[in-house]
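So the sequence shown is numbered by the numbering used here: it starts at 1334 and just counts up by one. In what follows, a structure is listed as structure tokens, so that the remarks can point back to it.
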Amino acid sequence: MSLALVLCLLAFGLNVADALLTDAILALGGREKNPVMAAIMAQPLTRPFRWAIKLSVVVGFCWLAWPRWWALALFCAPFAWVVQHNARVLARMAAMRV
């Protein structure tokens, strides 16, 4: 398996993790801090499609960046931080509810 394919799969997985963690944070009363996603989620017509919108951005970027592994790695790096940050926020929020 090529490095570029692995990084595309990683980007997809990180975005799914980000979406799951964000949904859990929102369920506990948190808010979306990404202004683009906050605007999408504020609209009743686009909110149900937020997952599709997020994942279509990943698919589009992977298509455009293929097979430049370095571009895919640069795309994954911030999402790894976002997932780690969201996991810490969710843990903190869950601990406060107990």
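Built from N, CA and C at the ideal position, the CB exists for glycine as well.
Check	Outcome
The segment 1351-1363 contacting the segment 1418-1425, beta-carbon criterion three pairs below 8 Å	yes
From C1409, G1393, W1384, residue whose alpha carbon lies closest to that of L1353	W1384
L1359 (DSSP reduced to helix, strand or coil)	helix
A1371 to P1377 span [Cα, whole Å]	12 Å
Whether D1351 touches V1391 by CB criterion (7 Å)	no
The alpha helix (DSSP H) enclosing Q1417, as first and last residue numbers	1402-1430
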